[in-house]
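K.L.:
For the sequence shown, the positions run 426 to 501 when my numbering is used.
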Amino acid sequence: MKYLPAIPVEMVLLPEWALFNIYKMSSWSRAMLIPLAIINHFKPTRELPRDKQLHELYPLGTEHKDFTPAARPARF
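#1: My guess is that L439 and N446 are in contact by the Cβ rule of under 8 angstroms, so how many angstroms apart are they, rounded?
#2: Could you please give the first and the last residue of the uninterrupted alpha helix (DSSP H) stretch that includes N518?
#3: When you compare only the Cα positions, how much space is there between H466 and A431?
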């Protein structure tokens, strides 16, 4: 979750005249955004047992890998 953009759950409390208004979004977007924002607020984590790791997804290892998103090139 370190490299994922997050929307603060407090944005729901902004007044109607604010630049961001949750009620101007579609119903489906609100139904997805609000629960994910609430879950992200609590930052749930779970430690995996040593025999249930995800190392098979990275055959070259993850120790020296930089997971920072690539910078976008300038448009102008």
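Backbone N, C-alpha and C define an ideal beta-carbon position, used for all residues, glycine too.
Predicted model, so just to flag it, every value in this text is computed and none were measured.
P.N.:
Let's see:
#1: Counting from 1 along the sequence shown, the entry for residue 439 is found at position 14. Counting from 1 along the sequence shown, the entry for residue 446 is found at position 21. L439 to N446, Cβ: 7 angstroms. Contact.
#2: This structure leaves residue 518 out entirely; the chain is present only between 426 and 501.
#3: Locating residue 466 in the sequence shown gives position 41, counting from the first residue. Locating residue 431 in the sequence shown gives position 6, counting from the first residue. Using only the alpha carbons, I get a separation of about 9 angstroms.
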